[in-house]
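Residue numbers (UniProt numbering): 1 to 530.
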């Protein structure tokens, strides 16, 4: 009779382990080397993380360490920092600092929520917990004023602390523009928020969940978009054209009803009044003919080339194909022009030969060794910049902007290359890169503390995040405000400010927008201070 260890591994990973409690899986792993290997399978733990915690790691290039992430998601910590206007940090008390705002990561507690996804908006944050509940704080549109008596039907209404949105279904993913956001829910329905009280569902037949599988929702500066499994991209403009007219008319009608101001409930929730918009979004043109990409490490197959990721910025989309082509689509200033644009292929962000010729990788004085193989696997964008990057210990990170065309070289930051970068996030004037070993590196403008490198009044002058010299420091201390110089070299962010002893912490997700940042962090210390 065959023993258990002689059965195909797939029997365990596909039909037995998924139905066992985690405690039983851990006990099984202790019985022998065979089960220890099976129970440590990364693919299994990635699926288990999604099933048990609603965490997919979407938006990052994480390929391993899923068992570790599963353990850490039992009690993830939320940190926020940067500009504090519009209550965007959601903090009830601010840490003491020598100058204004919050220049280092500060913990934010959301009672009863195990946050697995954090998304920064222009003046706000959105968070999804392990149950798919969506929380918000700050102001969706802080450029408009409101009265204390106003409800969340007003775009400028502030959530001074994290509030829970009551929506028809669990939220799978969220993306934020400057003054709006869009979500994809568990029923594959797409929602757009111009305020947090009256979200609308895009009910176009083009996006009917029975016929179309949406895999990514993505907001640009003033527009929203959806990427389907087939590789089609649809965009809509809440502030322009037919959709703007429809929204204005519906808001006026709701305003005449006294029960649709959407005041926050005593239990800390916002009882959303949802409605549908039956308008077709704009379908973007298909991809142009694209070259074969050698030296990507992919096995040849017959799958058609299609878009698998998109990233939104100001009036532009960046697209990434399953083969590793990076493309840019302009003309997204409004409904009328959207379909007139074209996908422009960016060879210097896609092809190994071009990247090897970049000054950072070629020539006798090149600071970096050129990669032997390359496949861009992820893109991200915000406002004026985008980033295309590959994965692994030899990862390459390439930066462009809204003016980038097929002739332009990428910006290469030497300190980000070959660092196992798994995620890059972008604010208005600051950026962050997350590595596979849980380090968050930031660089760019100080932006009222958005770099998170520490209180510049206490940092050693001349170091990243600090003032350039003693004179600049003294002037800032006298005035209670100041602007340290830009940080050119990506520098590690610490997550143990304010504690009596250093703590070892692992960042597994980060987000940025405006002049602020946020992160999800696992505490590696068994007993830590709160």
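Note that the Cβ used here is the ideal one computed from N, Cα and C, for glycine as well.
Between residue 516 and residue 81 a beta carbon distance of about 7 Å is seen, short of the 8 Å cut, so the two are scored as contacting. With respect to the 8 Å criterion, residue 334 and residue 241 are classified as neighbours on the basis of their beta carbons. As for any beta strand (DSSP E) of minimum length 3 sitting wholly inside the UniProt repeat "RCC1" (76-131), the runs are 77-82, 102-108, 115-120, 124-129, ordered along the chain. Spatial neighbours of residue 423 in its own chain (CB-CB distance under 6 Å, excluding positions within 5 residues in sequence) are listed in chain order as 60, 434. Secondary structure in the stretch 217-300: the beta strand (DSSP E) runs of 3 residues or longer, each lying completely within the stretch, are 224-228, 233-236, 269-271, 275-277 in chain order.
Its chain contains 276, 278 as the residues whose beta carbon lies nearer than 6 Å to that of residue 203, once the 5 sequence neighbours on both sides are disregarded; these appear in chain order. For the pair residue 107 and residue 128, the Cα-to-Cα distance works out to about 17 Å. For residue 185, the pairing in a beta bridge is given by DSSP as 171.
Looking at the DSSP output, residue 138 sits in a beta bridge with 124, 159. Across the set 73, 414, 436, 206, the C-alpha of 414 shows the shortest separation from the C-alpha of residue 490. When only Cα atoms are considered, residue 394 and residue 217 end up about 29 Å apart. The Cβ atoms of residue 156 and residue 513 lie no closer than 8 Å to each other.
For residue 119, same chain residues with a beta-carbon under 6 Å away, outside a window of 5 residues either side, are 126, 174, 176, 511 in chain order. Under the DSSP assignment, residue 477 falls in the alpha helix (DSSP H) whose first and last residues are 470-479.
Between residue 46 and residue 66, the CB-CB gap stays under 8 Å. In this structure, residue 201 sits near residue 190, with a CB-CB distance shorter than 8 Å. The Cβ atoms of residue 288 and residue 345 sit closer than 8 Å to each other. With respect to residue 421, residue 376 sits apart: the two C-beta atoms are not nearer than 8 Å. Annotated as distal: residue 105 and residue 456, with beta-carbon spacing of 8 Å or more.
The stretch 466-476 makes contact with the stretch 484-503: 3 or more CB pairs, one atom from each, lie closer than 8 Å. Within the model, the alpha-carbon separation for residue 451 versus residue 493 is close to 8 Å. Per DSSP, reduced to three states, the secondary structure at residue 13 is helical. Under the three-state reduction of DSSP, residue 426 is assigned to strand. In this structure residue 500 is exposed. Its beta-carbon is surrounded by fewer than 16 other beta-carbon atoms within 10 angstroms.
Per the DSSP secondary-structure output, residue 316 pairs in a beta bridge with 313. Here the stretch 291-300 makes contact with the stretch 358-376; the two share three or more CB pairs at distances below 8 Å.
Scanning 476, 292, 525, 284 for the CA closest to the CA of residue 98 turns up 476.
In this structure, the straight-line span from the alpha carbon of residue 232 to that of residue 286 is close to 7 Å. The count of Cβ pairs closer than 8 Å, one atom from the stretch 351-359 and one from the stretch 253-262, stays below three, leaving the stretches out of contact.
Residue pairing for residue 431: DSSP places it in a beta bridge opposite 426, 443.
In this structure, residue 379 places its C-beta atom within 8 Å of the C-beta atom of residue 309. Residue 323: not part of any beta strand (DSSP E); DSSP gives it neither H nor E. Between residue 124 and residue 136, the CB-CB gap stays under 8 Å.
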